[in-house]
Amino acid sequence: MQTLSRSATGSVSPPGNTLGLTALTAAAPVSWGTTYLVTTEFLPPGHPLVSGVIRALPAGLILLAITRKLPHGTWLWRSLLLGTLNIGALFALLFVAAYRLPGGVAATLTAVQPLLVVGLAFLLLGEKPTGWRLGWGLVGVVGVGLIVLRGRLAFDLLGILAGIAAAGVMAAGIVLTKRWGRPEGVGAATIAGWQLTAGGLVLVPLALAFEGLPPALDLRAIGGYAWLSVVGALLSFLIWFHGIGKLPVVAVSFLALLSPMVATILGWLFVGESLTPWQGVGFVLALTAIAAAQLTPDVVRTLVRIPVTTEGE
């Protein structure tokens, strides 16, 4: 989000209007939070890799057909790598976690992702980590931890490892997407099409080798896959890549904390998973961390009407 700028008198001028863009970008992780409910309640069990292919590849091919532009040069291998991180590996790991863990537990493991982004942004983008965002990153971890650790737990080692690995590949994908940007004249829809197609193609041989052909699908499963492919892939990644290109990378990474919150709420509403007062505290902490990460200390001082000096933080 844009920071406040200082005038010659030492006052602070209002930030640019990025609230709408931030809210739009937040719609992507909100849609991803539905993955866990849809997977467990609508999709055939035991096919995480096949589910990843069906979610990613049709969406990518549709975007390629619309944009009519293919990667070339260095963007051939960049699209393959980014598609593997942001789509192929991420989808496979998320589906493994979703099949083996309750929705809230599976999504909560991604809470460490903003902290991973802070570290990778320093290494790859030269963005020095600030105490402000590191602190709120820890608050976010505590918040989503409370959301799940006070509920009914089901620990599965493979599921937990898959959830943590998903946070790692997503963090790497976010930072590299920001570092490389886009080729001139290429929009978010094109980038999303390249990566969804590459990620889906990476999953195809793995799905065939380990799971075989997809099972016969009933209308319920078709509806679930349609939701995940159209809303959870095509639309959400178009929005997500647009937001990454416009907003600070660390601030964007905090929006992903919305995913476990949505997953937990849906689990409570539709599956009977428990919610406790401590989980309510967790929701407050996580939402506060998300909001605070979009701001800077200067903005906060202005919002609470504390004069800003020309000295350093």
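Be aware that the sequence shown starts at 31, since it is given in this note's numbering, and climbs by one per residue. Each residue gets a CB set at the ideal place from its N, CA and C atoms; glycine is no exception. Note that the coordinates shown come from a computational prediction; the quantities given were computed from them, not determined experimentally.
Its Cα nearest to that of residue 81, the residue 69 stands out among 69, 196, 91.
The residues 60, 63, in chain order, have a CB closer than 6 angstroms to that of residue 292 in the same chain once the five nearest residues on each side in sequence are set aside.
For residue 53, the three-state secondary structure derived from DSSP is helix. Cβ-Cβ separation between residue 145 and residue 279: approximately 13 angstroms, too far for a contact (criterion under 8 angstroms).
DSSP places residue 220 in the uninterrupted alpha helix (DSSP H) bounded by 218 to 240. Between residue 175 and residue 312, the CB-CB gap stays under 9 angstroms.
Under the 8 angstroms Cβ criterion, the segment 193 to 213 counts as touching the segment 112 to 123, having at least three qualifying pairs. Residue environment for residue 214: exposed (fewer than 16 other C-beta atoms within 10 angstroms of its C-beta).
Assigned with DSSP and collapsed to three states, residue 244 falls in coil, not helix or strand. Taken through DSSP and simplified to helix, strand or coil, residue 114 comes out as helix. Two segments are said to touch when three or more pairs of C-beta atoms, one from each, lie closer than 8 angstroms; by this definition the segment 220 to 232 touches the segment 266 to 273.
Looking at the backbone, the Cα of residue 288 and that of residue 317 are separated by about 8 angstroms.
Judged by DSSP in its simplified three-state form, residue 108 adopts helix.
In this structure, the beta-carbon distance from residue 188 to residue 126 falls below 9 angstroms.
A check of alpha carbon separations from residue 87 across 273, 73, 325, 237 identifies 237 as the nearest. Under the three-state reduction of DSSP, residue 278 is assigned to coil, being neither helix nor strand. Within the same chain, 203, 206, 207, 225 come within 7 angstroms of residue 112 by CB-CB distance, once the 5 residues on both sides are set aside. In the three-state DSSP reduction, residue 272 falls in the helix class (H, G or I). Non-local beta-carbon contacts of residue 90 in its own chain, meaning distances under 6 angstroms to residues more than five positions away in sequence, involve 223, 226, 227, 230 in chain order.
DSSP, reduced to helix, strand and coil, places residue 78 within a helical segment of the structure shown.
In the displayed model, residue 262 falls within a helix according to three-state DSSP.
Minimum Cα-Cα distance from residue 295 among the listed residues 49, 55, 48, 65 corresponds to 65. Counting C-beta atoms within 10 angstroms of its own C-beta, residue 96 has fewer than 16 neighbours from the protein chains shown and is therefore classed as exposed.
Between residue 262 and residue 52, the C-beta spacing is not below 9 angstroms.
Residue environment analysis places residue 85 among the buried positions, since at least 16 neighbouring C-beta atoms fall within 10 angstroms of its C-beta. Judged by DSSP in its simplified three-state form, residue 90 adopts helix. In summary, residue 314 is exposed, with fewer than 16 beta-carbon neighbours lying within 10 Å of its beta-carbon over all protein chains present.
One Cα belongs to residue 157, the other to residue 240, and the distance between them is close to 40 angstroms.
The continuous alpha helix (DSSP H) containing residue 317 extends over residues 307 to 323.
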